[in-house]
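**Student:**
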Amino acid sequence: MAFEGLSERLQSVMQKLRGKGKVTENDVKEAMREVRLALLEADVNFKVVKQFVSRVRERAVGQEVLKSLTPGQQVIKVVDEELTRLMGGEQSELVQAKRPPTIVMMVGLQGAGKTTTTGKLANHLLKQNHRPLLAAADVYRPAAIRQLQVLGEQLKVPVFSLGENADPVQIAKQALVQVNDEDCDYLLVDTAGRLHIDESMMDELKRMKEVIQPDEILLVVDAMTGQDAVNVAENFNRELGLTGVVLTKLDGDTRGGAALSVKAVTDCPIKFVGMGEKMDALEPFYPKRMSSRILGMGDVLTLIDRAKEAIDEEKAKELERKMRSQSFTFDDFLEQLEQVRSMGPLEDMLSMLPGVGKMKGLKNLQIDEKQLGRVEAIIRSMTPAEKQKPEIINASRRKRIALGSGVGVPEVNRLLKQFDDMKKMMKKFSSMTKGGKKKKKGFPFP
Ligand code: GDP
């Protein structure tokens, strides 16, 4: 997982401070020494580390912190605020031109994820009821045009192309005409990358910029490449003037250096982060939330956003009613399982809960996604009647279900038992919440 090492180390430094009734200047110094090492190890640019640590130290040894009632907490607050500021402070949104179309140039080196991100951004815009047109101007990477066309078909978004032999600037220029013809309000141009930064690429991009006058030039960089990503950003920004950066592959185990240094080094905000290969794996970048995640304070807001996207509110209400009236069936269970899985890997979701990183038992918990797959297979091997009324599942039915789903009978038994326990628990909860008196005893649900 991204930031894992950094997160662990910072949390252990913060943990030492947290409980202290009194924090001395020396404690702060010692803590900052460890923060400095942790950041350097995470591949954060050394100048950025130096500035960051000196800012935090200056603020943390201030009287209002050391004399406060909870000095340890105050230092953590300072670190959180400075980390947030380091990553850009406020969220930086995608520009929308006053008069459509909004023109976005997607630039970057080969393999960074530019074409994929162009598709993801179109998907993001579709969800906001925009009508994007994609222009396939990456004529250098073999198959990039076809890749964009496939993504366009998948998303049902038009893709403009003039083939591989056309001049990328001409492609972009003609796409601009097409935008009006197709009645689109965003034009996303997938430009041609190269393996390394070279003059001909920059010249081409500059010419394109000149001709289409983009509202936004987004650089796509691979977070896994650490400081290289920051150097690439610096170069592109100097030559072309970027309006934002998209950091891809943040779902991998990058140490995090790029995410923490890009803004400070280039002054370009990170606008989005790529969290996977699928079209919905693009998230707006929120510095505050990212800082909370790194410091182990959770990121409940992102979790809520994901839930909002994955879970239909009407269905959730219906589910609650079913739970209360105990008419919850395996069909409902399956549906719920699918919704939860569409929110992303469970491990990822757990990491967004405050304090989970610190729980020893959970830290080494490898969530077995395959196990969920087996649960799904078992349920799918049941007949409609069995799903509605699991109590009819006798020994021979259990055997058949086990055969059908490719698991052993004990696994089927376990699931049935768990389902039964869950229903009993729901019954208990709903009877407890019926009486107002019991609620007062501190029962946690409304
Ligand atoms: P381009 O040459 O810059 O256009 O690169 P592509 O869009 O073809 O992406 C290169 C590879 O990176 C592909 O295999 C993508 O699926 C993968 N990729 C892109 N973004 C992400 C991401 O956010 N996470 C992960 N895990 N893979 C990504």
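Going by the UniProt record's numbering, 352 is the number at position 352 of the sequence shown; the sequence numbering is gapless. Cβ coordinates follow ideal geometry from the N, Cα and C atoms, glycine included. On a predicted model such as this, the values are computed, not experimentally measured, just so you know.
Taking 7 Å as the cut-off, does the CB of Ala122 come closer than this to any heavy atom belonging to the ligand GDP?
**Tutor:** Your numbering for residue 122 matches position 122 in the sequence shown. False, no ligand heavy atom lies under 7 Å from that Cβ.
**Student:** Could you check where the beta strand (DSSP E) with Phe272 kicks off and where it finishes?
**Tutor:** As a working note, residue 272 is residue 272 in the sequence shown. Counting along the chain, the beta strand (DSSP E) containing Phe272 begins and ends at 270–274.
**Student:** Determine the closest residue to Leu151 out of Leu188, Asn180, Phe419, with distance taken between C-alpha atoms.
**Tutor:** Translated into the one-based positions of the sequence shown, residue 151 becomes position 151. If we check each option's Cα against that of Leu151, Leu188 comes out closest.
**Student:** Residues in the same chain with beta-carbon distance under 7 Å from Met106, minus the five sequence neighbours each way, listed in chain order, please.
**Tutor:** As a first step, residue 106 is located in the sequence shown; it is residue number 106 there, counting from the start. Cβ within range, chain order: Lys114, Thr117, Thr118, Leu188, Val189, Asp190, Thr191, Leu218, Val220.
**Student:** Out of curiosity, what's the CA-to-CA distance linking residue 453 and Lys22?
**Tutor:** There is simply no residue 453 to check, as the chain begins at 1 and stops at 446 in what is shown.
**Student:** Out of Leu260, Gly406, Thr248, which one is the CA nearest neighbour of Asp280?
**Tutor:** Looking up residue 280 in the sequence shown gives position 280. Measuring from the Cα of Asp280, the nearest candidate turns out to be Thr248.
**Student:** Look up Phe419 in the DSSP assignment and say whether it is helix, strand or coil.
**Tutor:** In the sequence shown, residue 419 corresponds to position 419, counting from 1. The answer is helix: DSSP assigns Phe419 an H, G or I state.
**Student:** Quick one: measure Cβ to Cβ for Val44 and Arg59, integer angstroms, because I've assumed they're closer than 8 Å.
**Tutor:** Counting from one through the sequence shown, the residue named residue 44 turns up at place 44. Counting from one through the sequence shown, the residue named residue 59 turns up at place 59. Not a contact, Cβ separation roughly 19 Å.
**Student:** Around the Cβ of Ser12, are there at least 16 other Cβ atoms within 10 angstroms (buried) or fewer (exposed)?
**Tutor:** Position 12 of the sequence shown holds residue 12. Looking at its Cβ environment, which holds fewer than 16 other Cβ atoms inside 10 Å, Ser12 is exposed.
**Student:** With 16 as the cutoff for other CB atoms within 10 Å, does Gly276 come out buried or exposed?
**Tutor:** In the sequence shown, residue 276 corresponds to position 276, counting from 1. Buried: at least 16 other Cβ atoms inside 10 Å.
**Student:** Compare the C-alpha of Arg306 against each of Arg33, Ser325, Pro345 and name the closest.
**Tutor:** Translated into the one-based positions of the sequence shown, residue 306 becomes position 306. Closest by alpha carbon: Pro345.
**Student:** Met87 and Ile270 - do their beta-carbons sit closer together than 8 Å?
**Tutor:** In the sequence shown, counting from the first residue as 1, residue 270 sits at position 270. In the sequence shown, counting from the first residue as 1, residue 87 sits at position 87. It is a contact, given that the beta carbons lie within the stated cut-off.
**Student:** Given a cut-off of 8 Å, decide if Phe285 and Val273 are closer than it, judged by their beta-carbon atoms.
**Tutor:** Residue numbering aside, residue 273 sits at position 273 when the sequence shown is read from its first letter. Residue numbering aside, residue 285 sits at position 285 when the sequence shown is read from its first letter. Taking 8 Å as the Cβ cut-off, Val273 and Phe285 qualify as a contacting pair.
**Student:** Roughly how many angstroms separate the alpha carbons of Leu242 and Gln96, rounded to a whole number?
**Tutor:** Position 242 of the sequence shown, counted from the first residue, corresponds to residue 242. Position 96 of the sequence shown, counted from the first residue, corresponds to residue 96. Taking the straight line joining both Cα atoms gives about 16 Å.
**Student:** For Leu148, count neighbouring C-beta atoms within 10 Å of its own C-beta (all shown protein chains included) and say buried if the count is 16 or more, exposed if not.
**Tutor:** Residue numbering aside, residue 148 sits at position 148 when the sequence shown is read from its first letter. It counts as buried.
**Student:** By alpha-carbon positions, which one of Asp332, Phe160, Leu303 ends up nearest to Arg317?
**Tutor:** By 1-based counting over the sequence shown, the position of residue 317 is 317. Strictly speaking, residue 317 in this sequence is Lys, with Arg absent from that position. Closest option to Lys317, Cα to Cα, is Asp332.
**Student:** Considering only the alpha carbon of each residue, which of Gly163, Ser92, Glu82, Ser161 lies closest to Val35?
**Tutor:** As a working note, residue 35 is residue 35 in the sequence shown. Of the listed residues, the one whose Cα sits closest to Val35 is Glu82.
**Student:** Can you find a heavy atom of the ligand GDP that lies under 7 Å from the Cβ of Glu164?
**Tutor:** Taking the sequence shown and counting its residues from 1, the one referred to as residue 164 is at position 164. The answer is no for Glu164.
**Student:** Go ahead and pull the three-state DSSP assignment for Phe3.
**Tutor:** As a first step, residue 3 must be located in the sequence shown, where it is residue number 3. Coil, per DSSP.
**Student:** Check for me: the beta strand (DSSP E) holding Gly221 runs from which residue to which?
**Tutor:** As a working mapping, residue 221 is identified with position 221 in the sequence shown. The residue you asked about is not Gly; residue 221 is Val in the sequence shown. 216–222 is the extent of the beta strand (DSSP E) around Val221.
**Student:** Does the beta-carbon distance from Leu133 to Pro158 come in below 8 Å?
**Tutor:** Reading the sequence shown from its first residue, position 133 is the one you call residue 133. Reading the sequence shown from its first residue, position 158 is the one you call residue 158. A contact, by the Cβ cut-off of 8 Å.
**Student:** Could you give the DSSP three-state label for Val246: helix, strand or coil?
**Tutor:** Taking the first residue of the sequence shown as 1, we reach residue 246 at position 246. Correct three-state label for Val246: strand.
**Student:** Using a Cβ-Cβ cutoff of less than 6 Å, which residues in the same chain neighbour Glu41 once the five nearest sequence positions on both sides are dropped?
**Tutor:** Counting from one through the sequence shown, the residue named residue 41 turns up at place 41. Nothing meets the Cβ criterion.
**Student:** Work out the CA separation of Met14 and Lys20 for me, nearest whole Å.
**Tutor:** Indexing the sequence shown from 1 puts residue 20 at position 20. Indexing the sequence shown from 1 puts residue 14 at position 14. Cα to Cα, Lys20 sits roughly 10 Å from Met14.
**Student:** Indicate whether at least one CB of chain C lies closer than 8 Å to the CB of Phe333.
**Tutor:** Among the chains of the structure shown, chain C does not appear; only one protein chain is present.
**Student:** Only counting the same chain, and skipping five residues up and downstream in sequence, which positions put a Cβ closer than 6 Å to that of Glu8?
**Tutor:** Sequence index remark: in the sequence shown, residue 8 carries index 8 (1-based). Within the same chain, Glu8 has no close Cβ partners at all.
**Student:** Can the beta-carbon of Val65 be found less than 8 Å from the beta-carbon of Tyr186?
**Tutor:** Translated into the one-based positions of the sequence shown, residue 65 becomes position 65. Translated into the one-based positions of the sequence shown, residue 186 becomes position 186. No, Cβ-Cβ distance for Val65 and Tyr186 is not below 8 Å.
**Student:** Name the one or two DSSP bridge partners that Phe330 has.
**Tutor:** Taking the first residue of the sequence shown as 1, we reach residue 330 at position 330. BP columns for Phe330 are empty, so no partner.
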